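Here the protein sequences come in this chain order: A and B. Numbering of the first sequence is given in full-length UniProt numbering, commencing with residue 1 and proceeding in unit increments. Numbering of the second sequence is given in full-length UniProt numbering, commencing with residue 1 and proceeding in unit increments. Don't be surprised by glycine CBs; every beta carbon is placed ideally from N, CA and C. Fair warning: this is a prediction, and the values are worked out from it, not measured in the lab. Working notes, beginning with the structure itself.
Number of protein chains: 2
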Amino acid sequence: MDKRSENIPNIIIRRLPIYYKHLKKLKNRAKEYISSEELAELTGFSSSLIRKDLSYFGNFGRKSYGYDIYCLLQELSIIMGFNHPKNLIIVGAGHLGQALVHNKGYEERGYKLKGVFDKNPKLIGLFLDDIKIRSVEEMCDFVKEEKIDIAALTVPKGVAQKTAELLIEAGVIGIWDFTEVALKVPNNILLEEQHINEGLCKLSCKINQNFN
Amino acid sequence: MDKRSENIPNIIIRRLPIYYKHLKKLKNRAKEYISSEELAELTGFSSSLIRKDLSYFGNFGRKSYGYDIYCLLQELSIIMGFNHPKNLIIVGAGHLGQALVHNKGYEERGYKLKGVFDKNPKLIGLFLDDIKIRSVEEMCDFVKEEKIDIAALTVPKGVAQKTAELLIEAGVIGIWDFTEVALKVPNNILLEEQHINEGLCKLSCKINQNFN
DNA sequence: ATTAGAAAGTTATTTTTTTAACAAAGTATT
DNA sequence: AATACTTTGTTAAAAAAATAACTTTCTAAT
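Below, the structure is given as structure tokens:
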């Protein structure tokens, strides 16, 4: 891989999954090449921007043909590190935590769901698919023993910060945060905030613009 | 409200919920004012950027004091249109749809959850909290009768596009999309994509940067 | 073989966004 | 009342990002 992949601008990182998503839809169409112009049509980004983004990582295109869809998907997978195996746990087995257990996107992106944790004795010991709900008491040891990289956090707000600290202490390098709290984490820890109510805010804001 | 709120740059809209979130945490602290410098500390944005963002909407600050936390929250609510009532339905009562029913963020942002819809006969008629799961057959009429503004979409990928089209046809003005599909919608329709696997992509991408 | 066309990759330009600097206004202190 | 201090709101400068334009390379058709 190109050495430039060491410090990819965030603005480009945000677009990579979008390219990936659209290309996947085309995987088994007749034509095996796609031009930047066509991809622009699909994604809403300009063709110029797309060529520039991709050329940041290497020369994946073929002059007068475009990009081989299969190869480009392959390259994007590598850039996004899907081939690098990552262990995941879910902390908090409430409605959202349970929904996350059933998410189908892990394997394709190199994630292995290793465990689910909760404090509620009524939940501990139950199975969601083939994943057992364990007590949060076991969480830290589990993180160390199973070399967990990422923890999805779906606990109540009140315990979010404390739980995050325990997880970091135990060795996770990233937190996929679903609580509606502004977590404070050291800057060597990756924090991906998935605060769904922010989506509601944005929608509300935009609706409002049309009425004022 | 300031007339400039008619076309707020997206980049600012994205930061508003973040200011809001951090200010809410401070609501009942002793000091009732906060400086842009302090808010910068909390949010990670520069104080300069914060002052500029806020001044886009009006003069909310007080020289040598800072911003009144309560008033600023109030102003942000107005800018984001939380005072404007919006009707919401959830389409798809699977794990994620059910988790969304239990989300606590609606009221505060001006949303009223009016209904949940699914195709599965085993689910239809059941209650989640006090919300009845209805058949998707009834969906379009319901949207018209109840003047639904926003639909949260948590249906399987295969029916995502078709369902979106039905909803738009019936009159929703925004879709809060949780499917992992690249939906195509007319450009007068608001589309807020909440594709959780994009979060996984970003985390994976960033982990990968440290290992190459 | 030559020529026209297509589309990537690159460079230059423009636009947007962020940061830095500063002036204005208010506060507190002597 | 005068002075020093804060912190906003604004203006200027810098940096980043996006677009447009251009060059190169490859393909295909005559």
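- Taking a contact to require three or more Cβ pairs closer than 8 Å, the stretch 190-208 of chain A and the stretch 75-88 of chain B qualify as touching.
- Under the Cβ criterion (8 Å, minimum of three pairs), the stretch 93-109 of chain A counts as touching the stretch 144-155 of chain A.
- The C-alpha of leucine 126 of chain B lies about 26 Å from the C-alpha of leucine 200 of chain A.
- Taking 9 Å as the cut-off, the Cβ atoms of leucine 16 of chain B and leucine 76 of chain B count as close.
- In the DSSP annotation of this structure, the continuous segment of the beta strand (DSSP E) that includes serine 135 of chain A starts and ends at 131-135.
- Taking CB atoms only, aspartate 149 of chain A has a neighbour in chain B less than 9 Å away.
- At a cut-off of 9 Å between C-beta atoms, glutamine 98 of chain A counts as an interface residue with respect to chain B.
- Residue range 47-55 is occupied by the alpha helix (DSSP H) that includes leucine 49 of chain A.
- At a Cβ-Cβ threshold of 9 Å, glycine 61 of chain A and tyrosine 67 of chain A count as neighbours.
- Burial check for glycine 171 of chain A: the Cβ neighbour count within 10 Å stays below 16, so the residue is exposed.
- With contacts defined by Cβ atoms closer than 9 Å, isoleucine 18 of chain B and alanine 182 of chain A form a contacting pair.
- Leucine 190 of chain A: not part of any alpha helix (DSSP H); member of the beta strand (DSSP E) spanning 190-193, first to last residue.
- Counting along the chain, the unbroken alpha helix (DSSP H) around valine 101 of chain B starts and ends at 95-101.
- The beta carbon of leucine 203 of chain B falls within 9 Å of a beta carbon belonging to chain A, placing the residue at that interface.
- For phenylalanine 211 of chain B, the closest Cβ of chain A is nearer than 9 Å.
- Judged by DSSP in its simplified three-state form, valine 143 of chain B adopts helix.
- Judged by DSSP secondary structure, leucine 166 of chain A falls within the alpha helix (DSSP H) whose first and last residues are 157-170.
- Taking each of A/Gly115, A/Leu73, A/Gln74 and A/His95 in turn and checking the Cα distance to lysine 86 of chain A, the smallest one comes out for A/Gly115.
- Rounded to the nearest angstrom, the Cβ distance from leucine 123 of chain B to alanine 160 of chain B is 18 Å, too far for a contact under 8 Å.
- Counting every other CB atom within 10 Å of its CB across the protein chains shown gives aspartate 53 of chain A a total of 16 or more, marking it as buried.
- Against chain B, the CB of lysine 119 of chain A has no partner CB under 9 Å away; the residue lies outside that interface.
- DSSP, reduced to helix, strand and coil, places asparagine 7 of chain A outside both helices and strands of the structure shown, so it counts as coil.
- Distance from the CA of leucine 128 of chain A to the CA of lysine 104 of chain A, rounded to the nearest whole angstrom, comes to 14 Å.
- Only buried fits glutamate 192 of chain A, as 16 or more other CB atoms lie within 10 angstroms of its CB.
- Shown here, isoleucine 124 of chain B sits in coil according to DSSP, grouped into three states, outside any helix or strand.
- Its chain contains Lys157, His195 and Asn197 as the residues whose beta carbon lies nearer than 7 Å to that of glutamate 180 of chain A, once the 5 sequence neighbours on both sides are disregarded; these appear in chain order.
- A check of alpha carbon separations from isoleucine 8 of chain A across A/Glu37, A/Val143 and A/Gly58 identifies A/Gly58 as the nearest.
- Neighbourhood of glutamine 194 of chain A in chain B, by CB distance below 7 Å: Ile196 and Gly199, in chain order.
- When DSSP states are grouped into helix, strand and coil, lysine 21 of chain B belongs to the helix group.
- Around the C-beta of lysine 21 of chain A, 16 or more other C-beta atoms lie within 10 Å, and the residue is accordingly described as buried.
- Taking every protein chain shown into account, the CB of tyrosine 111 of chain A has 16 or more other CB atoms within 10 angstroms, so this residue is buried.
- According to the DSSP assignment, tyrosine 111 of chain A belongs to the beta strand (DSSP E) that extends over 111-118.
- With respect to the 9 Å criterion, serine 47 of chain B and glutamate 37 of chain B are classified as neighbours on the basis of their beta carbons.
- By the CB criterion at 9 Å, leucine 88 of chain B and aspartate 149 of chain B fall inside the cutoff.
- Among the bridge pairs identified by DSSP, glycine 66 of chain B is matched with B/Arg62.
- Identification of chain B residues near glycine 110 of chain A by a Cβ-Cβ cut-off of 8 Å yields Ser204, ordered along the chain.
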